[in-house]
Amino acid sequence: ELSNRMAVRGVDIIKFLMKQGLMMKINDVIDTDTAELVADEFGMAVRRVSESDVEAGFLSDADDAEATTPRPPVVAIMGHVDHGKTSLLDALRTTDVASGEAGGITQHIGAYQVRLPDDQKVTFLDTPGHAAFSAMRARGANVTDIVILVVAADDGVMPQTIEAIQHARAANAPMIVAVNKVDKPGADVTKIVNELLQYEVIAESLGGDTQIIEVSAKEKTNLDGLLEAILLQAEVMDLKADPEHSAEGIVIEAKLDKGRGPVATVLVKRGTLKRGDLVVAGSAFGRVRALLDERNAQLTEAGPSVPVEILGLDSTPSPGDVFAVVENEARARELTEYRERQRREKATGGINQVSLVDMMSKLASKKVSELPVLIKSDVQGSGEAIQGSLEKMGNDEVRARVVYSGAGGITESDVTLAKSAGAPILGFNVRASKQARDLAEREGVEIRYYSIIYDLLDDMKGVLSGMLAPLQ
Ligand code: GDP
429 ELSNRMAVRG VDIIKFLMKQ GLMMKINDVI DTDTAELVAD EFGMAVRRVS ESDVEAGFLS
489 DADDAEATTP RPPVVAIMGH VDHGKTSLLD ALRTTDVASG EAGGITQHIG AYQVRLPDDQ
549 KVTFLDTPGH AAFSAMRARG ANVTDIVILV VAADDGVMPQ TIEAIQHARA ANAPMIVAVN
609 KVDKPGADVT KIVNELLQYE VIAESLGGDT QIIEVSAKEK TNLDGLLEAI LLQAEVMDLK
669 ADPEHSAEGI VIEAKLDKGR GPVATVLVKR GTLKRGDLVV AGSAFGRVRA LLDERNAQLT
729 EAGPSVPVEI LGLDSTPSPG DVFAVVENEA RARELTEYRE RQRREKATGG INQVSLVDMM
789 SKLASKKVSE LPVLIKSDVQ GSGEAIQGSL EKMGNDEVRA RVVYSGAGGI TESDVTLAKS
849 AGAPILGFNV RASKQARDLA EREGVEIRYY SIIYDLLDDM KGVLSGMLAP LQ
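Just so we're aligned, residue 429 is where the sequence shown starts under UniProt numbering, counting upward by one.
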């Protein structure tokens with residue numbers, strides 16, 4: 429491809445790469461830096477389309493380092509089933525100052541923004557649950573600034589509560605706990621605060637840094653308290669974006685609408701998206717024909733943290749895809765082709781593998797100093813024993829880090845978490861479900877099975893020291 433575009437013979441490029449110590453075949457994939465080096469060598473001028481985007485397929489937060497314009501926080505709601513995530517999202521919708529008038533939040537587009545007094549705003553992702561959240565993270569799309577962990581006051585910390593805590597930690601998103609259903613007779617907030625302690629979620633009242641807010645989604649009580657907590661957390665985080673930057677963001681939802689064609693809800697991360705802009709979203713592209721918000725109002729533009737539906741794409745992108753405004757059609761084609769290629773490479777296991785061998789080479793070349801792993805075991809006790817031993821392993825330079833340890837078979841949710849954390853999965857006396865195996869294969873996440881703790885620890889020792897026995 430590169431040889432074609434530069435009109436330079438492939439062998440000459442290969443020769444040059446060899447001189448650099450890179451043994452490559454004609455169809456091997458090289459990274460951007462190497463491609464730039466090659467192009468330079470052959471006297472070509474190089475221009476990157478969009479650094480963050482082309483480089484790794486995700487938005488780089490570094491772009492916001494110099495931004496000075498505050499942006500609203502983007503909040504995701506997670507927690508155990510039936511603890512009230514949907515009810516809370518519905519209740520929060522009504523806190524919008526304009527909701528009493530015509531034009532309240534009427535349509536579900538995957539995210540909505542509430543406007544509060546004093547011109548403050550909060551954006552909520554409107555798809556509760558962990559699947560959507562980790563699917564987006566797995567694709568490198570870290571859109572969530574703050575996680576609201578919903579815990580029902582009459583039930584307490586449950587398996588998915590714990591899972592949500594792990595997801596928030598893996599995403600480095602601060603948590604605010606909403607203790608819901610406090611209107612119920614069996615509500616016991618103190619019990620929940622104590623249960624959370626076991627998972628190192630420490631309430632401010634106990635000297636920790638987690639705000640714990642009592643609410644009732646049903647009675648709509650203390651929603652303002654929760655919003656205040658969000659705004660306070662956002663202030664601490666000092667969230668900024670540059671509205672003048674070329675517009676970029678993430679696809680939250682997408683569908684093919686009979687009358688309107690492909691419709692995608694995007695969340696603008698930086699810059700301002702305008703009607704008439706030429707956008708690339710995943711491998712889809714097109715000119716933005718209309719921008720619609722959750723109030724079904726036509727917008728002419730959407731700035732940072734604003735969710736909008738866009739019409740005018742030529743196909744339906746996937747949630748988690750990056751979108752970016754491009755200056756012309758040629759550039760758009762280039763980007764979509766690049767992404768299509770990346771997707772194919774990924775599907776055939778070319779890049780982005782989460783395997784022990786891959787981790788080992790990253791450790792050896794000091795690209796990482798940590799070996800993240802996810803453990804699933806038959807009983808909690810053995811998982812804890814493995815975790816304890818692993819954490820003692822390694823030295824100051826390299827060490828293993830257990831991202832998550834749980835009991836039970838390996839599920840799709842484990843695979844998405846593993847993918848987003850860049851961690852291989854170690855199964856001890858457990859198997860993976862068919863769906864989990866398929867997903868792991870697609871995403872390039874390695875699952876290794878063990879029945880003897882010693883074998884597992886031995887393998888990990890090998891990875892940390894740069895020597896790994898081949899897979900049996
Ligand atoms: P999700 O599965 O987490 O989205 O939970 P839902 O929002 O669907 O709520 C589960 C059930 O709990 C529903 O029957 C709600 O009506 C009920 N519920 C939610 N919030 C409250 C609350 O604050 N108080 C009471 N009493 N019930 C609630």
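Virtual Cβ for every residue (Gly too), placed ideally from N, Cα, C. Bear in mind that the values here come from a model prediction, so they are computed numbers and not experimental data.
Cα-Cα separation between residue i and residue j, rounded to whole angstroms
i      : j      : result
Val621 : Val585 : 9 Å
Ala864 : Val785 : 21 Å
Ile574 : Pro602 : 5 Å
Gly872 : Leu625 : 35 Å
Pro545 : Lys609 : 26 Å
Ser674 : Gly731 : 11 Å
Met787 : Met888 : 11 Å
Gln900 : Val753 : Since pLDDT at Gln900 reaches only 43, below the 50 mark, its modelled position is unreliable, and the value read off the structure follows with that caveat. Cα to Cα, the separation comes out at about 48 Å.
Ala682 : Leu845 : 22 Å
Val578 : Gln588 : 10 Å
Asn455 : His511 : 52 Å
Ser431 : Asp742 : 30 Å
Met472 : Arg433 : 10 Å
Asp481 : Ile880 : At Asp481 the pLDDT is 45, less than 50, meaning the model places this residue with poor confidence; the figure from the coordinates comes in the next sentence. For Asp481 and Ile880, the distance between alpha carbons rounds to 43 Å.
Arg475 : Phe444 : 21 Å
Ala484 : Val782 : The predicted position of Ala484 is uncertain, since its pLDDT is 37 and thus under 50; no value can be drawn from it.
Glu869 : Thr551 : 34 Å
Ile458 : Thr534 : 48 Å
Ile576 : Ala592 : 9 Å
Arg521 : Leu655 : 11 Å
Met451 : Val439 : 12 Å
Phe486 : Ala813 : Per-residue confidence for Phe486 stands at a pLDDT of 43, beneath the threshold of 50, marking its modelled position as unreliable; the derived number appears in the next sentence. When rounded, the distance between both Cα atoms is 37 Å.
Arg597 : Val691 : 32 Å
Glu729 : Leu516 : 29 Å
Arg698 : Arg543 : 19 Å
Reference residue i, options the options, closest by Cα
i           : options                           : result
Gly850      : Gly836, Ile875, Ala835 and Leu651 : Ile875
Ala860      : Ile658, Arg870, Ile838 and Lys804 : Ile838
Met564      : Gly677, Leu667 and Val607         : Gly677
Lys619      : Ile640, Ile604 and Asn600         : Ile640
Val643      : Arg870, Ala615, Val466 and Ser797 : Ala615
Gly822      : Pro800, Ser841, Ser810 and Ala835 : Pro800
Ser805      : Gly748, Gly836 and Gly816         : Gly836
Asp554      : Val503, Gly471 and Glu591         : Val503
Ser810      : Leu854, Ser848, Ile533 and Asp518 : Leu854
residue 948 : Arg723, Thr638 and Ile441         : Because the chain here runs from 429 to 900, residue 948 falls outside it and cannot be looked at.
Gly507      : Lys686, Phe561 and Glu656         : Phe561
Gly740      : Glu755, Arg703 and Lys453         : Arg703
Glu672      : Gly890, Asn857, Thr523 and Ala495 : Ala495
Gly689      : Asp721, Pro745 and Ile590         : Pro745
Arg499      : Leu695, Gly636, Arg827 and Ala657 : Leu695
Gly834      : Val891, Leu655, Val734 and Ile590 : Ile590
Asn650      : Asp582, Val629 and Thr523         : Thr523
Asp824      : Ser797, Gln541, Ile803 and Ser841 : Ser797
Glu663      : Asp468, Val617, Lys549 and Tyr877 : Lys549
Val750      : Lys686, Arg723 and Val571         : Val571
Ile630      : Leu791, Ile604 and Thr460         : Ile604
Contact test: residue i Cβ vs ligand 1 heavy atom, cutoff 6 Å
i      : result
His595 : no
Ala645 : yes
His536 : no
Lys790 : no
Ser515 : yes
Asp652 : no
Gly532 : no
His511 : yes
Asp611 : yes
Asn857 : no
Asn608 : yes
Distance between beta carbons of residue j and residue i, contact taken as under 8 Å
i      : j      : result
Gly538 : Ile680 : 4 Å
Thr693 : Val736 : 7 Å
Leu727 : Leu719 : 4 Å
Ser711 : Arg767 : 5 Å
Glu647 : Asp611 : 5 Å
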